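Asks:
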Ligand code: ADP
Ligand code: MG
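In this note's numbering, the protein residues as written are 41 to 271.
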C-alpha cells in the first residue's frame, strides 16, 4: 500500500496521466503477478535484460501516445537474443512512423508467457457515475470485442463474488479445462480480481484500469499488459 502510494504520488500532476511504466509496479505492489522484465531506453540495455531472461523474449514499445501497441506493430513476440538490437530499433521506427512526435519512453522487454496452455482474460475497472467502481472480468486478447463475454461487479468484492465472476462468463468452461486441456489457475484469477478490487478501493484517484491480457495458465496468472488512467 505504501509502495503504491509512492508510485501514484510520483505521477501526480503529470500532464499525461495514462500510466505505462508505473502501472506494472503498481500491480506488483498489490501482489498481482507480472512477467519478469524491465523497461529500457537503449538497445544495449534491452539486450542485458533479455540475457537475464531464459529463452526468447517479448518486446513492446512504451509510449503514452500509443495505447494499442500491436495495432502499430509495437509488440514482438518470441524475440531471440540475437535479434534484440534490431527489434529495438524497429519498434522505435514503427512508433515514429505512426506518430513522429510521439513521446517514446523506451521498450519493455518481457519474459514470454505460455499462451498455448493459457487463456487470455481481461480484468478491468472503470468508475461509473451511478454505481461507482465497476469491476469487469471476461475473456481477453483478441476475443474481448468479438465475444463481449464479460461480467461486472461493484468494488469492493468478496472472495465469493470474485469467484462467481469467473463462473458466470460464457467461456467459463475454457478456464476449467475444456477439450482435454488442463484447467487454469482459477483461484489465481479470483485472487487477482480481489487484489484489483482492493487497489481501486484504496485509491480513488485511479479512474480506469485494464489488465488485458491477464494470462491464466495451469501454473498461475500473469498480468501481461496493463493500462491505467489516474485523476
Ligand atoms: P497491446 O494490447 O497494446 O496491443 P499487449 O501487451 O497486450 O499489447 O500485447 C498484445 C498481445 O501480444 C497480447 O494480447 C498477447 O497475445 C501477446 N503478448 C504480449 N505480451 C506477451 C508475453 N509476455 N508473452 C506472450 N504473449 C504476449
Ligand atoms: Mg493488451
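Beta carbons are placed, not taken as given, at the ideal position from N, Cα and C, and that holds for glycine. Values in this document were obtained by computation on a predicted structure and should not be read as measured data.
From 270, 227 and 197, pick the residue whose C-alpha is nearest to that of residue 260; which is it?
Replies: In the chain shown, counting from the first residue as 1, residue 260 sits at position 220. Selected option, being the one with the closest Cα: 227.
Asks: Count the CB pairs spanning the stretch 63–72 and the stretch 129–147 that are closer than 8 Å, and state whether there are at least three.
Replies: Taking 8 Å as the limit for Cβ pairs, the verdict is that the stretch 129–147 does not touch the stretch 63–72.
Asks: From what residue to what residue does the alpha helix (DSSP H) around residue 44 run?
Replies: The count along the chain shown starts at 1 and reaches residue 44 at position 4. That run of the alpha helix (DSSP H) goes 42–51.
Asks: Answer yes or no: do residue 100 and residue 118 have a C-beta to C-beta separation smaller than 8 Å?
Replies: Against the chain shown, residue 100 aligns to sequence position 60. Against the chain shown, residue 118 aligns to sequence position 78. Going by C-beta atoms, residue 100 is not nearer than 8 Å to residue 118.
Asks: Closer than 5 Å is what we want: which residues have a beta carbon that near any heavy atom of the ligand MG? List them in chain order.
Replies: Selection output, chain order preserved: 252 and 265.
Asks: How is residue 258 classed by DSSP in three states: helix, strand or coil?
Replies: Along the chain shown, read from residue 1 onward, the residue named residue 258 stands at position 218. If DSSP states are grouped into helix, strand and coil, residue 258 belongs with coil.
Asks: Pick from 134, 125, 165 and 143: whose alpha carbon is nearest that of residue 149?
Replies: The residue labelled residue 149 in the question sits at position 109 within the chain shown. When only C-alpha atoms are compared, the closest one is 125.
Asks: Any heavy atom of the ligand ADP closer than 7 Å to the beta-carbon of residue 181?
Replies: For the purposes of this step, residue 181 is taken as residue 141 along the chain shown, with counting starting at 1. Under cutoff, so the answer is yes.
Asks: Taking buried to mean at least 16 other C-beta atoms within 10 Å of its own C-beta, is residue 272 buried or exposed?
Replies: No answer is possible for residue 272: it lies beyond the span of the chain, which begins at 41 and ends at 271.
Asks: In angstroms, rounded to a whole number, what distance separates the CA positions of residue 122 and residue 191?
Replies: Locating residue 122 in the chain shown gives position 82, counting from the first residue. Locating residue 191 in the chain shown gives position 151, counting from the first residue. Going from the Cα of residue 122 to the Cα of residue 191 covers about 43 Å.
Asks: Please classify residue 161: does DSSP put it in a helix, a strand, or coil?
Replies: One-based indexing of the chain shown puts residue 161 at position 121. Correct three-state label for residue 161: strand.
Asks: Is residue 243 buried or exposed, if buried means 16 or more other CB atoms sit within 10 Å of its CB?
Replies: Taking the chain shown and counting its residues from 1, the one referred to as residue 243 is at position 203. With 16 or more other Cβ atoms within 10 Å, it is buried.
Asks: Does the ligand ADP have a heavy atom nearer than 7 Å to the CB of residue 5?
Replies: Look at the range of the chain in this structure, 41 to 271, and you will see that residue 5 is not part of it.
Asks: Give the straight-line distance between the Cα atoms of residue 251 and residue 266, rounded to the nearest whole angstrom.
Replies: As a first step, residue 251 must be located in the chain shown, where it is residue number 211. As a first step, residue 266 must be located in the chain shown, where it is residue number 226. Each residue's Cα considered, the two are about 4 Å apart.
Asks: Between residue 144 and residue 79, which are expected to be in contact by the criterion C-beta below 8 Å, what is the C-beta distance as a whole number of angstroms?
Replies: In the chain shown, counting from the first residue as 1, residue 144 sits at position 104. In the chain shown, counting from the first residue as 1, residue 79 sits at position 39. No, residue 144 and residue 79 are not in contact; Cβ-Cβ is about 11 Å, not under 8 Å.
Asks: Compute the beta-carbon to beta-carbon distance between residue 163 and residue 236, rounded to the nearest angstrom, for a pair I have assumed lies under 8 Å.
Replies: Taking the chain shown and counting its residues from 1, one reaches residue 163 at position 123. Taking the chain shown and counting its residues from 1, one reaches residue 236 at position 196. Between residue 236 and residue 163 the Cβ distance is about 6 Å, and since that is below 8 Å, they are a contact.
Asks: Secondary structure at residue 224, three-state DSSP: helix, strand or coil?
Replies: Translated into the one-based positions of the chain shown, residue 224 becomes position 184. Three-state DSSP puts residue 224 in coil, outside helix and strand.
Asks: Check whether the stretch 73–91 touches the stretch 45–54, taking contact to mean three or more Cβ pairs, one atom from each stretch, closer than 8 Å.
Replies: In short, these stretches do not touch, since the Cβ pair count stays below three.
Asks: Are the CB atoms of residue 105 and residue 142 nearer to each other than 8 Å?
Replies: As a working mapping, residue 105 is identified with position 65 in the chain shown. As a working mapping, residue 142 is identified with position 102 in the chain shown. Their beta carbons are under 8 Å apart, which means residue 105 touches residue 142 by this criterion.
Asks: What is the DSSP secondary structure of residue 94, counted as helix, strand or coil?
Replies: For the purposes of this step, residue 94 is identified with residue 54 of the chain shown, where counting begins at 1. The answer is coil: DSSP assigns residue 94 none of H, G, I, E or B.
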